[in-house]
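Data first, discussion second: the structure below is written as structure tokens.
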């Protein structure tokens with residue numbers, strides 16, 4: 032007697048091999064049988080999967096659910112697109128380790144309030160808290176280099192190399208996090224204070240991760256004018272530290288930088304041929320998302336959010352900020368230069384929800400203001416806590432990166448509540464690939480797409496018993512209709528995905544006909560355990 036039998040589906044096992052017809056039986060949270068069962072085989076639940084693919088559960092290689100999990104542990108949008116395991120803590124910021132002083136300093140340096148997140152003094156305390164909770168999906172986390180740097184770098188001036196004492200402190204905190212199960216260390220090299228680190232500091236941090244057979248993930252210094260140089264730098268860090276590397280949300284931002292992936296992908300492939308392990312993750316959209324404050328050049332944010340707001344209130348300072356925004360600076364990312372007012376959509380405004388869904392250009396017209404003044408005024412009235420979506424990538428680059436064999440899939444987001452307006456990548460990256468890019472455009476075979484979503488990340492992150500549909504592995508499974516799967520959400524409307532018949536985590540059904548059913552079957556994953 033099995034717990035579950037999924038009958039008559041086409042199994043895609045995660046290896047990259049073509050689909051084959053098989054029944055899948057589940058017992059005690061594990062895959063108990065893959066093959067043709069006799070008609071008399073019984074189970075508590077039998078699912079008819081004829082006309083459907085049956086695959087391993089999807090792994091979100093780049094998530095920020097660590098930001099949202101304590102307020103939204105179900106993360107319905109994850110399971111709702113087939114994700115069964117979530118890897119978060121990327122881009123240099125994690126909710127541990129933190130202390131009160133570093134939290135205040137990080138909030139000021141980021142230029143926005145972050146007090147709504149839950150923070151802990153050690154990585155182990157974060158994980159222990161998660162282990163006491165009911166989770167919608169399996170969760171594992173990186174530890175953020177920027178969060179650690181905010182603790183160890185003493186004084187107001189963090190824009191400097193760390194001292195020997197501070198480096199030792201950093202390495203000690205990283206070692207503690209690795210022993211408590213961190214997946215590795217993440218770097219966020221456009222976000223202070225991580226952006227102040229030189230290559231030697233990054234190598235020192237990555238070496239700690241490497242000693243535990245962990246990896247580093249990185250939001251690179253540039254995804255635009257200096258994209259190629261940034262990839263070269265991260266390959267150097269991987270080589271010097273002898274550490275696995277994951278280059279996050281790989282893309283080329285801004286029209287003048289389109290097609291630079293024709294240069295970066297050969298660099299990455301050559302590094303792998305030389306014995307390194309350098310992988311990518313990607314979301315399948317031509318727009319990115321972050322807070323609107325990235326419009327403001329970093330030199331005007333160096334003294335923290337309160338000072339930046341003072342500058343925005345001053346007419347003379349506004350003109351200086353405007354002039355700096357209009358100038359091309361190859362050493363600094365500029366979403367303004369890459370997207371422009373017409374290409375920046377306001378996705379969240381705490382004090383002006385009525386403007387959500389407008390571009391900054393449309394906001395300026397609505398308010399009867401110059402676009403610069405409209406953007407500055409909105410930042411002021413939202414206390415610098417406005418979010419934006421930036422249209423600045425080419426679909427040719429999206430496809431090129433998607434077709435590269437070392438590319439995983441990541442949502443680059445956390446949990447959202449039902450009906451919440453957000454970037455569609457957060458609710459539908461996996462169905463978007465399987466619907467638009469596999470079925471409709473035919474740029475990737477379905478078995479290869481499934482490999483990228485399952486066994487490739489499982490291997491990179493060293494996840495035991497995950498990523499393959501194989502007897503003895505965890506019964507994390509997705510059943511979907513290849514003819515209808517897709518993500519109908521857009522940048523203005525969030526709706527359920529299509530074509531997902533069922534999702535199982537540890538053998539428990541968590542999604543039925545595209546809808547999360549409220550079952551919390553997720554577990555915390557500690558690396559090395």
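Residue numbers (the working numbering): 32 to 560. For glycine and all other residues, C-beta sits at the position ideal for the given N, C-alpha and C.
Taking C-beta atoms as the reference points, residue 421 and residue 366 count as a pair closer than 7 Å.
The C-alpha of residue 182 is placed about 38 Å away from the C-alpha of residue 389.
Within the same chain, and ignoring the five residues on either side of residue 411 in sequence, the residues whose Cβ sits closer than 8 Å to its Cβ are 340, 343, 344.
Along the segment 385-462, the beta strand (DSSP E) occurs as fully enclosed runs of 3 or more residues at 418-422, 438-440, listed in sequence order.
Contact check for residue 433 and residue 465: beta-carbon distance about 12 Å, past the 8 Å limit, so the pair fails to qualify.
Ranked by Cα distance from residue 336, the options 508, 58, 417 are led by 417.
Using a C-beta cut-off of 8 Å, the segment 453-462 makes contact with the segment 520-527, since at least three inter-stretch Cβ pairs fall below that distance.
Taking the CA atoms as reference points, residue 111 sits about 7 Å from residue 527.
Measuring C-alpha to C-alpha distances from residue 326 to each of 221, 109, 59 identifies 221 as the nearest. By the neighbour-count criterion, in which a residue is buried when 16 or more other Cβ atoms sit within 10 angstroms of its Cβ, residue 312 is buried. By the Cβ criterion, the segment 90-107 is not in contact with the segment 188-206, since fewer than three pairs of Cβ atoms, one from each stretch, lie closer than 8 Å. Residue 169 carries a strand assignment under DSSP once its states are collapsed to helix, strand and coil. The bridge partners DSSP lists for residue 375 are 421.
Within the same chain, Cβ atoms closer than 7 Å to the Cβ of residue 543 are found at 533, the five residues on either side in sequence being excluded. The beta carbon of residue 165 sits closer than 7 Å to the beta carbons of 104, 551 from its chain, once the five residues preceding and following it are set aside; these are given in chain order. Measuring C-alpha to C-alpha distances from residue 321 to each of 429, 385, 457, 127 identifies 457 as the nearest. Setting aside the 5 residues that flank it on each side, residue 482 is surrounded in the same chain by 45, 46, 47, each with a C-beta closer than 8 Å to its C-beta; the list follows chain order.
Judged by beta-carbon spacing, residue 255 lies beyond the 7 Å limit of residue 108, meaning their Cβ atoms are not closer than that value.
Straight through space, the alpha carbons of residue 489 and residue 212 are spaced by roughly 16 Å. Taking the CA atoms as reference points, residue 409 sits about 13 Å from residue 393. About 6 Å separates the beta carbon of residue 75 from that of residue 34, a gap short enough to meet the 8 Å contact definition. Residue state for residue 124 is assigned as coil, using DSSP reduced to three classes. Note that the C-beta distance between residue 248 and residue 173 is below 7 Å. Straight across, the Cα-Cα distance linking residue 300 with residue 514 is about 33 Å. Collapsing the DSSP output to three states places residue 262 in a helix. Within the model, the alpha-carbon separation for residue 403 versus residue 353 is close to 7 Å.
One Cα belongs to residue 459, the other to residue 196, and the distance between them is close to 45 Å.
The beta carbons of residue 37 and residue 55 sit closer together than 7 Å. When the Cα atoms are used, residue 545 and residue 359 turn out to be separated by approximately 45 Å. Here residue 101 carries a coil assignment [DSSP, helix/strand/coil]. The three-state reading of DSSP puts residue 250 in strand, counting E and B together. Judged by DSSP in its simplified three-state form, residue 33 adopts strand.
Secondary structure of residue 53 (DSSP, three-state): strand. Taken in chain order, the unbroken stretches of beta strand (DSSP E) that lie wholly in the segment 61-102 and span 3 residues or more are 61-66, 74-79, 84-87, 89-91. Taking residue 504 as reference, the option from 496, 272, 510 with the minimal CA-CA separation is 496. DSSP places residue 299 in the uninterrupted alpha helix (DSSP H) bounded by 292-304.
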